[in-house]
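Respectively, the protein sequence lines represent chains A and B. For the first sequence, the working numbering begins at 125 and goes up steadily by one. For the second sequence, the working numbering begins at 651 and goes up steadily by one.
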Amino acid sequence: MSAAAQLRVSGGKVYDPANGVDGQVRDVCIEGDRIVADLPAGAPRLDARGMIVMPGGVDIHAHIAGSSVNQARRLLPEAHVADPVPAPRLADGAAARSGTGGTIPSTFTTGYRYAGLGYTTAMEAAVAPLAARHAHAELDDTPIIDAGCFVLLGNDDYLLRQLAAGEPTRARDYAAWLLGVTRGYAIKIVNPGGIALWKAGGGASERDVRGIDDPVGSSSVTPRKILEALAGAANALGLPHPVHIHCNNLGRAGNVATTLASMRALAGQRAHFTHLQFHSYGGEQGKGWTSAARDVIEHVNAHPEVSVDVGQVMFGPATTVTADGPVEYLLHASTGRRWVNIDIELETGCGIVPYSYREKAAVAALQWAVGLELFLLARDPWRVVLSTDHPNGGSFLSYPQLIRLLMDRTYRDEQLKQVNQRMLAGSALLDGLAREYTLSEIAVVTRAGPARLLGLQHKGHLGAGADADVTIYSDDPDRARMFATPRHVIKAGVVVVEEGQLRRAPAGRRLAVRPEYDAAVTQDVRRFFDDYACVAFANYGAEPVA
Amino acid sequence: MSVQERSVEHVTCLGCGCACDDITVVVQQDRIAETRNACALGATWFGDGTIPRETTVNGRSASLADALVEAARILRAARRPLVYLAPDLSCEAQREAVALSDRLGALLDTVTSVAAAGVLAAQRRGRAGATLGEIRQRADVIVFWGVDPAERYPRFAARYAVEPRGLAAPRGRNSRTVIAVDVEARRGPADADARVAIAGGDEVDALGVMRATVQGRKAGDDARFRGAAELARRMSQGHYVALVADGEPGADPADPDRAEGLVTLAQALNAPTRCALVTLRGGGNRAGADAVLTWQTGFPFAVDFAPGFPTYRPHAGAAALVAAGEIDAACVIGSPASVPEPLSGGLARLPSVAIGPRASAASFRPGVAVDTGVAGIHDGGTAFRMDEIPLPLRPPLPGPPTAVGTLRSLREQLGA
């Protein structure tokens, strides 16, 4: 075997905020799949003079693979017909795959498009444990990007039983066991307790939680208890990423109260609050909405243990897909749109409604403004990550447009004039937020920050020993165009995008954890399986069978 | 226990879409001697596990290498090839089959084409559903709409919907009300607590009346629909309702309006209560094919790669294009015995390749046949229950070449 391939990316303006590099011209050296400090003078070069060099992008929260995503894909045949994707022509005639796009592309297209956008890592943010094998199979068919799965907990009957019985230690051991057998990366909570109530049946009044102290079946089980138990578990287990939380009351006027209550409940503990935009509304259900972005982001600014991603809404087509079944029912009931609901046995739910955000719609305009306010009022970009909750707030393909909104005030103000103003009173955006993100800050919110929050020590930076995931952009003053069309993308040392063309599509790696736990818990889980489950304990999870 | 006897536990049966994974298979001298927990249908599906291991070219025995060369020649020469996925394949083999279709620019279709009405209704309207285990945990009212699961899904009632105790059904069968809807000769289970009879020609209208009743709209007072309206009121009062229908084709042609009527009734019932529609599917990992095609192409069946990318041909699938003479070669993957008529007859007039269990015995006399193992009996990998819960396969027997390996070799032969 020959020595590992070497490549010197020479002469580019490097943005590597984790290592304090802010646009200085320097070389980035790659040997094999790693960044190295230096290379011999004769090593092959990639001329990056005049270009901008960053670590590969890291998506901390997207819905790209697994049972719910695939149900949503199936619901969108016309969107797939409208966006056909021929197989890319790879170097050396290597086999590539055709596919379809839209808001939920086919798996191969998902990998190609992420790479084409300069993203080299993405986290699938909602995997039902029972269907984890499915999510991994799809990720096996999603090339190039490294990917991990967030595993859904917090509405599962076994966990809620442990909380009702006052057994937080067993709950922690269970979470650790579950992450291992599902090959998961982090613990995800969606609408703690709310999905369990939705699945419990009955009429309209009793089908979701409203506040974090509402009882879920038993009075000793509440959203607060679920949050505390799982945040505590993630921290006690030393997981690389803290508990990843989708709060109660997503998308409802006045939900700022639950969002802040959830943050306060976990004060002093590491916790990540996802798609915060969808949880930052004032007003009252039925009486109108207002922005509460300022209240929420001020709390985040003041609490260094808290991190968030924004979940920006972008105008255009979207597909809402979530484990939060009751929310999707409301969206279906209020819009009459196509609706999928799937209650997943003993664990979680799934709801899907294809959607579209229009500038002229008052709520969509408010949502758009709230997201931008969160970005522009955030004091520490390392804890406020760029996301659209793909495909819920818009496709990941809209990230470049979002970056332009953050970097270009003139453009942003023009866009603001186009949108429905009815609900924007009180929005900080309307008062005129002058801030413009710098390239270094963009590098933080799209790669360095999410990598750090995910505990991916080898990602999000270009120091020696880092994964050789590098994106090279032309320095185009139109930042949307610049970020949409990287000139070169290197993944694990392989040049996957060359002169703007996808040329190689190696398989990505799977990111997974295997925390330690007291094995006694498996005896108890096995008994629970014997009583209630419809899948053999031995067949559960996502590990290969002998 | 004799020295040659061994048993394999937690085997998943793919005899029907229930995919019961509690089967213990006892093997004696490389034959299946016993399938504990399996129903009669499952025991028949497993059989004794013996399977032909022929590889043939033009009906004569050939080496696998020669067969693959000839298969590649047939497929390369085709201007308009068809790849058809029959049952008894693992998801891994299905993934390879889609890759092959992409490489060939083929029309790719599956047995789901004959169950298309339900899939298309769900694409137009969505669906309110649940995994089978959730029905077990929750359902207090179960309505079997023109289907008795005992016939084609023998353990459905025992394992999932009716008999077992669940979180909200602590007394199992006694915690639930079972209602049979008899649509002409399509009768619900004999031991139901109540029955409603609907004339075949009234089925779609009855579903409309029921939805109107659930939504509190006026639905007239036609005596023909009084039973249906009363059933709708009863369902509205349930705590968690399961509406169970058969997704596989029966004696009558599938009516798209019927499928949509079932979908929208189940959705509407989620206003006054909770309701899930359960669509029963057959065996051999059919649900896996739908899922794999969807994730790789964006469409669940009837995918045409001819333009160089996947397009959707739900109304012009394999049977239609073969009948129209548009297809000039076919590659059937999976058990050819499960290829439905009239497609099977049409294939006899085409140059064809068959790769799958008992391919050498295919009625359409393929030019190349490679016998492979049956997914779940000889081939490992993953299969999906009818509700798309993925399950690992634990094949109790060694077999002939695997489908996935054969397809990979064929793809290499084709230079992709």
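We put the CB at the ideal spot given by N, CA and C, even for glycine.
Asked	Found
Give me the Cβ distance between D671(B) and A660(A), rounded to the nearest whole Å; I'm assuming they're in contact under 8 Å.	5 Å
Express the C-alpha separation of D157(A) and K615(A) in angstroms, rounding to a whole number.	8 Å
When DSSP labels each residue in this structure, what does S740(B) get in the three-state scheme?	coil
Within its chain, find whatever has a CB closer than 6 Å to the CB of L758(B); leave out the 5 residues flanking it on each side and keep chain order.	V733, S751, V953
Could you name the residues of the same chain whose beta carbon sits closer than 8 Å to that of R1008(B), not counting the 5 residues immediately before and after it, in chain order?	I701, P702, S985, P986, A987, D1021
Does the Cβ-Cβ distance between V761(B) and P737(B) come in under 9 Å?	yes
Are V675(B) and P1051(B) touching if we call contact CB-CB under 9 Å?	no
Can you find the residues in the same chain that come closer than 6 Å, C-beta to C-beta, to P292(A), ignoring five residues on each side of it along the sequence?	A353
Excluding the 5 residues flanking L199(A) on each side, which residues of the same chain have their C-beta closer than 7 Å to its C-beta?	R462, V464, I476, P478
Ordered along the chain, which non-local residues of its own chain (more than five positions away) have a Cβ less than 7 Å from that of S598(A)?	M175, M606, R611
Would you grab the beta carbon distance between R1035(B) and A808(B) for me? Rounded to a whole angstrom, and I think it's under 8 Å.	The Cβ separation is near 15 Å, so there is no contact.
Please name the residue in V982(B), F959(B), G958(B), P957(B) whose C-alpha comes closest to that of A968(B).	V982(B)
DSSP on N544(A), reduced to helix/strand/coil?	coil
To be precise: take each residue of the region 906-924 of chain B, compare its Cβ to all Cβ atoms of chain A, and keep it if any distance is under 8 Å. Which residues remain?	Q917, N920, A921, P922, T923, R924
Can you pull the chain A neighbours of E810(B), defined as C-beta to C-beta under 9 Å?	It should be noted that the sequence gives Tyr, not Glu, for residue 810(B). Correct list: C658.
If you follow the alpha helix (DSSP H) that Y298(A) is in, where does it begin and where does it stop?	292-305
Go to H612(A), then tell me how far its beta strand (DSSP E) extends in each direction, as first and last residue.	612-615
Once DSSP output is grouped into helix, strand and coil, what is the label at M125(A)?	Reliability of the predicted coordinates at M125(A) is poor, the pLDDT of 37 falling under 50, and the value obtained from them is presented with this limitation in mind. Note: M125(A) maps to coil in three-state DSSP.
With a threshold of 9 Å between beta carbons, is E262(A) in contact with chain B?	yes
Can you look up M387(A) in the DSSP assignment and give me helix, strand or coil?	helix
Near A357(A), what residues of its chain come up, given a Cβ to Cβ distance below 6 Å and the 5 sequence neighbours on each side ignored?	R296, A299
Name the chain A residues that come within less than 7 Å of R1044(B), Cβ to Cβ?	V669
Here's a check: name, in chain order, each residue in its chain whose Cβ is nearer than 8 Å to the Cβ of G776(B), leaving out the five neighbours to either side.	V913, Q917
Using 10 angstroms around the beta-carbon of E655(B), count the other beta-carbons present and answer buried if the total reaches 16, otherwise exposed.	exposed
Count the other CB atoms within 10 Å of the CB of G866(B); is the residue buried (16 or more) or exposed (fewer)?	exposed
In or out: D467(A) buried (at least 16 other Cβ within 10 Å) or exposed?	buried
Beta-carbon of A844(B) versus every beta-carbon of chain A: anything under 9 Å?	no
Look at F402(A) and V432(A) and say whether their C-beta atoms are less than 9 Å apart.	no
Can you tell me whether H368(A) is buried or exposed, with buried defined as 16 or more other CB within 10 angstroms of its CB?	buried
With G304(A) and L241(A) assumed to form a contact (beta carbons below 8 Å), what rounded beta-carbon distance in angstroms separates them?	Incorrect: roughly 32 Å between the Cβ atoms, too far for contact.
If I follow the unbroken beta strand (DSSP E) through T446(A), where does it start and stop?	440-446
If you draw a straight line from the C-alpha of A486(A) to the C-alpha of V543(A), how long is it?	8 Å
Identify each residue in the region 178-206 of chain A for which the Cβ-Cβ distance to at least one residue of chain B is less than 7 Å, and report them in chain order.	S191, N194, R197, R198, L199, P201, H204, V205
Does any C-beta atom of chain B lie closer than 9 Å to the C-beta of N465(A)?	yes
Can you tell me whether P986(B) is helix, strand or coil according to DSSP?	helix
Just verifying my parser: in three-state terms, what is the DSSP assignment at N465(A)?	strand
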